[in-house]
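Some notes on the structure that comes next.
Protein chains: 2
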Amino acid sequence: MDAPDAPKSPESEAKKAPDLGGVWQVLERRIVADRSPFAVIWDEDLLLPDGSTITNFIRVDIVPFAIVFAQLEDGRVPFVRQYRQAIGRVSLELPAGHIEKGEEPLGCAKRELLEEAGAVSDDWQFLGRYVLEANRGCGNAHLFLARHARLVAAPNPGDVGDMALDFLTLDEVRARLFDGSFEIAPSAMTASLALHLLG
Amino acid sequence: MDAPDAPKSPESEAKKAPDLGGVWQVLERRIVADRSPFAVIWDEDLLLPDGSTITNFIRVDIVPFAIVFAQLEDGRVPFVRQYRQAIGRVSLELPAGHIEKGEEPLGCAKRELLEEAGAVSDDWQFLGRYVLEANRGCGNAHLFLARHARLVAAPNPGDVGDMALDFLTLDEVRARLFDGSFEIAPSAMTASLALHLLG
């Protein structure tokens, strides 16, 4: 990390305009729990631009994932239902999965769409990369839109737990965005962004 | 947690239809790091409906927060720029903050809009509650839309680090949703959902 030295007291005491430029320097980081390849938890000791320090600022590194809003030729969009420990019940989500070592995010998106929904597409659009939590991190989501997708195989997710496949029209997706059907952020976010482009 | 006993082997061996109904029973949970009030990290040992077990499944409890897309009478939307450790640079985000003990999510949203943007509104709409990460949790975001907001005070966020205020038109927000300006999921998600209702 290319952290500059923290500014000395004259600047930090004056404090007229917001100093948004300086990074928070990591003085030391310690592993709290290593649950590779899924997650690594760190404690970081930080030096802020105003000279103040924070100790044991928890950072949560989670394996990045790709997530796909795929519209089939008939207009419908494949969703998966699976049990999710974060909410303790079955969740309605878009096909998604961990990016493997050496894999490109787009390659992961194509693989997950095929594995979880049995679908392929030749028309892909990247919708952005987002870190889930502003302070802790909690992993990066790589969002994709696939147009003109085709069902070519039976789903074969091979994940922990079982999974069921649903197909929703764009109108159904739009309604579910505002009726509480989606409980996990990345799926709702990807669906919402995709609808701006397809609506 | 009201977890039923896990089904015995005949069901799990047959495995015809996806068994999406059974919860994952928490056999034991251990605190890995207690950084209250910000975050608590747990290891959970889980028993799945098919009888398999998972040990040391990391759970990340982060304090819930409210986030606000507020449209002023002149059509503009207040955003904040602040340094975020998760990305190591300044981020463009909507006003947001932790829900305090005993506080309602809407009360928090109103407080944060006033503190961070100096704005108030009498026209609030709840856009949903979302857990950030499907496996680990990583906290709940409570999303709000405030229409007809009014600037009534100078911002006074009182947070760690400094903050600058930006005002964007709906067209500017829409463009930034797809140009990489937003790097943190909850702000992009809330803006995207709000635009479906205001667009």
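If you read the protein sequences in the order shown, they are chains X and B. Letter 194 of the first sequence, counting from 1, is numbered 194 in our numbering, and no numbers are missing. Letter 101 of the second sequence, counting from 1, is numbered 101 in our numbering, and no numbers are missing. Backbone N, C-alpha and C fix where the C-beta goes; we use that ideal spot for every residue, glycine too.
With its beta carbon less than 8 Å from one in chain X, B:Gln82 belongs to the interface. Under the three-state reduction of DSSP, B:Val173 is assigned to helix. Excluding residues up to 5 positions away in sequence, Asn140, His142 lie with their Cβ nearer than 6 Å to the Cβ of X:Arg129 in the same chain. Just so you know, the alpha carbons of X:Ile87 and X:Phe38 end up roughly 18 Å apart. Residue contact with chain B for X:Ala175: absent (no Cβ-Cβ distance below 8 Å to any residue of chain B). About 6 Å separates the Cβ atoms of B:Val68 and B:Ala146, confirming a contact at the 8 Å cut-off. Secondary-structure assignment with DSSP links B:Arg129 through a beta bridge to B:His142. X:Glu112 and B:Asp50 have their C-alpha atoms some 23 Å from each other.
Where B:Ala164 is concerned, the enclosing beta strand (DSSP E) starts and stops at 163 to 168. The bridge partners DSSP lists for X:Arg136 come to none. When Cβ pairs closer than 8 Å are counted between the two stretches, the segment 84 to 99 of chain X is seen not to touch the segment 25 to 35 of chain X, the count staying below three.
Of all C-beta pairs linking the segment 163 to 182 of chain B to the segment 163 to 174 of chain X, fewer than three are shorter than 8 Å, placing the two stretches out of contact. Rounded to the nearest angstrom, the Cβ distance from X:Glu44 to X:Phe57 is 5 Å, consistent with a contact under 8 Å.
Taking 8 Å as the cut-off, the beta carbon of X:Arg136 is found closer than this to the beta carbon of B:Cys138. Between B:Pro186 and B:Ala96 a beta carbon distance of about 7 Å is seen, short of the 8 Å cut, so the two are scored as contacting.
At the C-beta level, X:Ile41 and X:Val63 stay beyond 8 Å of one another.
For B:Phe167, no Cβ of chain X is located within less than 8 Å of the residue's own Cβ. Identification of chain X residues near B:Ile62 by a Cβ-Cβ cut-off of 9 Å yields Ile58, Val60, Glu133, Asn135, Arg136, Cys138, ordered along the chain. Assigned with DSSP and collapsed to three states, X:Leu197 falls in helix. By the CB criterion at 8 Å, X:Leu197 and X:Arg174 fall outside the cutoff. DSSP places X:Gly97 inside the beta strand (DSSP E), whose first and last residues are 96 to 98.
Measuring C-alpha to C-alpha distances from X:Arg84 to each of X:Phe182, X:Asp34, X:Arg30 identifies X:Phe182 as the nearest. Taking 9 Å as the upper bound on Cβ-Cβ separation, chain B lies near residues Gln85, Ala86, Ile87, Gly88, Arg89, Val90, Ser91, Glu93, Ala96 of the segment 85 to 99 of chain X. Between X:His148 and X:Asp123, the beta carbon gap of about 5 Å places them in contact (Cβ cut-off 8 Å). Per DSSP, B:Arg29 is one residue of the beta strand (DSSP E) stretching across 25 to 35. For X:Val23, at least one C-beta of chain B is nearer than 8 Å to its own C-beta. In the DSSP assignment, the residues bridged to X:Leu46 are X:Val26, X:Ile54.
The C-beta separation of B:Leu151 from B:Gly118 comes to about 5 Å, placing the pair in contact by the 8 Å criterion.
Look at B:Leu92 here: in three-state DSSP terms it is strand. Contact of X:Phe38 with chain B is assigned, a C-beta pair being separated by under 8 Å. B:Ser52 counts as exposed, since fewer than 16 other C-beta atoms from the protein chains shown sit within 10 angstroms of its C-beta. A direct Cα-Cα distance of roughly 33 Å separates B:Ile184 from X:Asp74.
With respect to the 8 Å criterion, X:Leu177 and B:Leu193 are classified as neighbours on the basis of their beta carbons. Neighbourhood of B:Ile184 in chain X, by CB distance below 7 Å: Tyr130, Val131, Ala134, in chain order. A buried status is given to B:Ile99, since no fewer than 16 other beta-carbon atoms sit within 10 Å of its beta-carbon. When the alpha-carbon of B:Lys101 is set against those of B:Ile31, B:Ser36, B:Pro155, B:Thr190, the nearest one is in B:Ser36.
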